[in-house]
Amino acid sequence: MESDEPFSAPFSRSSFSEPAGWGPDTNAPAAVYADPGADVDPERSFGRVLDLATRLFEAPMGIGTLHANGQPRVVAADGLRDAGLQDEGDGIKARLCTRALRSPGATVVTNATDDDRLADHPWVAGDPGIRFYAGAPLVGPQGHRIGSLCVLDTEAQSPPPADVDRLKGLAEMIVNELELHRQADAWDRARQQYEAIFNHTYQFTGLLTPDGILVEANDTALEFGGLEREEVVGTPFWDTHWWQTGPETQQKLRAAVEQAAEGEFVRYEADVQGADETRTIDFSIRPVTDGDGSVTMLIPEGRDITDRKRQERQLRKEKRKTEEALQARDALLGSITENISEGIYRSTPDDGLVYANEALADMLGYRSVDALLEADPVHFYADPDQRAQVIQQSNRNDGITGVEVEFRRTDGTTFTGLLSATTVRGPDGAVQYYDGAVTEITEQKRQEQQLRQSRERWRRLVEKLQDGLHIAVDGDIRYINPAGAEILGADAPDDVIGHSLWDFVALEQAQQEIFEDRLRKIYRERTSTAPQEMEITGLNGERRVIESYTVPIKFDGEQAGQTVFRDITEQKEMEQALREREARLRSITENVSDGIYRSTPNKGLVYANRAFADIFGYESVEAILQIDPIELYANPDARSENRRITKEQDHIDAAEAEFRRKDGSTFTGLVSATTVRDENDEVIYYDGAITDITEQKEQARTLRDRQQKLESLYTATRHLLRAETPDAVATRIQHVLQDVFDYPLAGVDFAEDGRLVPVEGAIASPGQMPTIQSLSAGGDSIGARAYRSGETVVG
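Oh and the sequence shown: position 179 is 180 in my numbering, straight run, nothing missing.
In structure tokens, the structure reads:
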């Protein structure tokens with residue numbers, strides 16, 4: 002709620018530089034509160050106020066720190082456990098709140114990511130993603146900054162100045178309460194000091210019979226007089242060492258004993274004798290009586306007057322300060338209750354409401370708190386009987402917490418609220434009053450209804466999924482959709498619900514280890530699992546292969562895992578068949594002489610057989626797969642052209658191309674390839690083969706050359722008829738053979754009487770001319786075979 006009070010808390014959005022005088026001793030007084038050995042309990046002082054601060058800003062987190070000797074210590078924190086930050090060190094936690102400590106007033110950062118001073122803090126840059134920050138320093142009575150109070154939110158805020166002013170008031174409240182406890186502790190210490198002085202210095206206590214015989218003396222008295230107990234017990238009190246300062250002292254003591262024995266309390270100042278000195282004490286004798294009023298015992302006491310007076314003055318001063326601090330605290334608490342959104346009240350059994358804040362009046366539709374206090378509380382309930390039930394429950398349990406009640410406003414409309422109250426009783430056990438708070442949860446109820454509707458929509462959706470979906474808590478299945486039940490071999494989901502996930506895990510050790518790892522990630526580490534394959538055994542005994550992934554969720558308020566899974570048994574069988582087919586094909590391709598390959602548009606070669614690597618002169622298949630395919634062509638343009646034809650026509654058949662080996666030599670090959678496309682008609686890869694036809698090309702070239710030479714020979718023989726004599730014919734033929742064939746040895750034979758007689762011969766090196774003899778025309782020589790067949794013979 003906003004206030005009409007003027008805003009006075011100074012904002013500080015400038016640099017967080019340390020103010021003047023900042024140093025390790027600036028917050029030294031905080032050691033009084035931060036010292037864990039002190040009786041002051043700072044966590045108790047922070048706890049209630051920190052809760053009010055987070056409620057004031059509707060922030061999920063708050064931190065309270067004290068700073069002693071330059072070191073921050075977190076003494077209270079709210080909401081850090083829910084944000085997963087409870088294990089962070091004090092240094093990380095306190096860094097945010099020290100911003101308030103270094104500022105002269107309240108500090109507000111509406112969005113920490115835009116603030117250079119906080120943007121690099123791990124809680125801002127990372128989880129949980131702090132955005133809003135509001136903090137106020139704790140300023141001690143002497144003006145020292147002793148700690149800080151701050152609230153944090155993961156959502157950006159722009160609070161009204163009045164709320165920031167109230168935050169400063171809460172910080173002051175903590176200081177006042179800490180100071181109150183410190184003063185009370187000082188008071189208690191002073192009392193202990195007083196008792197110590199009483200027991201161990203110039204004061205004593207004893208016990209006398211009514212006629213003045215000393216029965217007992219405390220150690221302090223004995224030590225003061227330097228006496229042993231046996232020296233004084235059983236002796237008249239006035240005859241003991243302490244009272245030997247003079248006859249008058251002894252006579253006065255004796256008279257005082259007689260007076261006390263008559264039932265009167267006697268008190269006066271007296272000088273007593275110690276072991277080596279005399280002290281003046283405030284001495285008294287108190288009579289102890291029985292039920293009939295008869296004096297049965299006398300208690301003498303002696304205290305040093307000077308010390309007691311000093312202590313009494315100090316105690317009165319401390320008590321006055323404590324009472325003032327309590328009054329200030331009560332006033333501050335009253336101011337706070339007027340400025341929070343919850344309805345706060347106090348009611349008595351007889352008078353009804355005796356106190357209520359503005360929020361409760363607004364909640365119930367009353368124009369003012371006074372009008373609300375005049376109303377009968379029974380009218381606040383939509384069902385008056387519920388009020389009686391609430392009071393009965395509160396009386397029985399001395400309070401109630403979070404009871405849902407339907408309230409009625411003055412205009413007749415109703416709203417739902419959560420009622421919490423404490424029953425305060427008197428010494429006699431009777432109820433004195435009820436302190437309580439009402440929180441309107443109408444919007445929360447609406448959100449719960451929306452959540453229920455959302456869950457129903459989710460259920461209808463997953464019921465239609467083709468994939469299986471189950472939710473398990475601690476490994477026990479709490480929900481499964483129909484598709485999942487079918488995969489697990491059940492007729493209906495109810496047949497599966499209640500089973501442990503372990504009931505479906507295959508017995509093999511590897512499968513169980515996979516499953517244990519998944520459970521650890523979900524239930525211990527609360528992390529999602531990657532899609533993973535595993536074997537299961539259904540309720541019908543069939544083994545199936547599933548692919549599943551799991552995410553951690555909350556289910557009915559419990560930590561759970563939601564798993565989506567699908568049956569891939571047939572897919573795995575197809576994959577296995579495909580692998581076997583590929584293995585057979587690979588065996589075939591590895592045993593052919595042609596180079597077999599597969600290439601993709603983006604990665605180039607992705608497969609090649611051994612023959613492919615050999616054709617190009619590479620030592621291994623792995624080596625050639627690293628090569629850019631364009632380097633395998635003698636002319637890169639030829640590859641582009643082949644790729645174009647293959648892409649356009651989806652194949653290319655026996656296209657001749659010049660290729661380059663690793664050593665730079667070239668060879669001629671025939672390329673055949675097929676284009677494989679996906680369902681979108683995009684090229685996936687090219688499958689092809691290359692045949693080395695260099696040797697074939699060379700043989701064909703040789704045959705063409707010989708054919709051309711023979712044709713030249715035939716053309717030349719048409720001119721032989723012009724020769725004048727047989728020798729001239731032989732000579733001409735010899736010349737033609739040399740011109741056409743250029744063989745190192747050539748000769749011309751004429752047939753005579755069944756024999757082939759040489760008439761002309763030539764050799765490239767005349768010195769190597771062999772002896773030429775006639776041969777039989779019917780023999781097996783090349784010339785004889787040509788002569789008999791009438792055809793050219795090549796040998």
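C-beta atoms are modelled at their ideal positions from N, C-alpha and C, and glycine is treated no differently.
Residue pairing for histidine 652: DSSP places it in a beta bridge opposite Thr675. Tyrosine 788 carries a helical assignment under DSSP once its states are collapsed to helix, strand and coil. Residue burial annotation: methionine 575 is exposed, with fewer than 16 other C-beta atoms found within 10 angstroms of its C-beta. Contact check for alanine 120 and threonine 323: beta-carbon distance about 45 Å, past the 8 Å limit, so the pair fails to qualify. Isoleucine 523 sits away from isoleucine 498, with the two beta carbons spaced by 8 Å or more. A straight line joining the alpha-carbon of asparagine 636 with that of glutamine 709 spans about 31 Å.
Contact between the region 446-455 and the region 418-434 is absent, with fewer than three C-beta pairs closer than 8 Å. Boundaries around tyrosine 435 are those of the beta strand (DSSP E), 432-441, since no alpha helix (DSSP H) includes it. Taken in chain order, the complete beta strand (DSSP E) segments of 3 or more residues contained in the region 162-236 are 205-209, 215-218. Look at the region 505-539 and you find these whole runs of beta strand (DSSP E), each 3 residues long or longer: 533-538. Assignment of beta-bridge partners to isoleucine 631 by DSSP yields no partner. Contact check for threonine 402 against serine 421 passes: the beta carbons are separated by less than 8 Å.
Counting the other CB atoms within 10 Å of its CB gives glutamate 343 a total of 16 or more, which places it among the buried residues. Take valine 234, set aside five residues on each side of it, and the residues of its chain with a beta-carbon closer than 8 Å to its own are Leu215, Val216, Glu217, Ala218, in chain order.
Inter-residue distance for aspartate 371 and glycine 106 is about 36 Å (C-alpha atoms, whole angstroms).
According to the DSSP assignment, arginine 287 belongs to the beta strand (DSSP E) that extends over 279-290. A Cβ-Cβ contact shorter than 8 Å links serine 777 with arginine 756. The alpha-carbon of proline 61 is positioned some 22 Å away from that of glycine 437. A direct Cα-Cα distance of roughly 48 Å separates aspartate 568 from isoleucine 93.
At least 8 Å separates the beta-carbon of alanine 493 from that of alanine 484. Short of 7 Å from the beta carbon of threonine 669, and not among the five residues preceding or following it, lie these beta carbons of its own chain, in chain order: Glu657, Glu659, Ile694, Thr695, Lys698. Nearest in C-alpha terms to isoleucine 488, of all of Gln387, His471, Ala531, is His471. With respect to the 8 Å criterion, threonine 675 and aspartate 664 are not classified as neighbours on the basis of their beta carbons.
Under the DSSP assignment, glutamine 563 falls in the beta strand (DSSP E) whose first and last residues are 559-568. Beta bridge pairing from DSSP links methionine 62 with Leu153. Judged by DSSP secondary structure, aspartate 688 falls within the beta strand (DSSP E) whose first and last residues are 684-693. In this structure threonine 246 is exposed. Its beta-carbon is surrounded by fewer than 16 other beta-carbon atoms within 10 angstroms. When DSSP states are grouped into helix, strand and coil, histidine 380 belongs to the helix group. Going by C-alpha positions, aspartate 477 is about 9 Å away from alanine 561. When DSSP reads this structure, lysine 555 sits in a beta bridge with Gln560.
The Cβ atoms of arginine 640 and isoleucine 631 lie closer than 8 Å to each other. Rounded to whole angstroms, the separation of the alpha carbons of glutamate 270 and alanine 187 is 29 Å. Distance from the CA atom of aspartate 305 to the CA atom of valine 152, rounded to whole angstroms, is 53 Å. At the C-beta level, aspartate 615 and threonine 692 stay beyond 8 Å of one another. About 17 Å separates the beta carbon of alanine 383 from that of leucine 373, a gap too long to meet the 8 Å contact definition. Isoleucine 478 carries a strand assignment under DSSP once its states are collapsed to helix, strand and coil.
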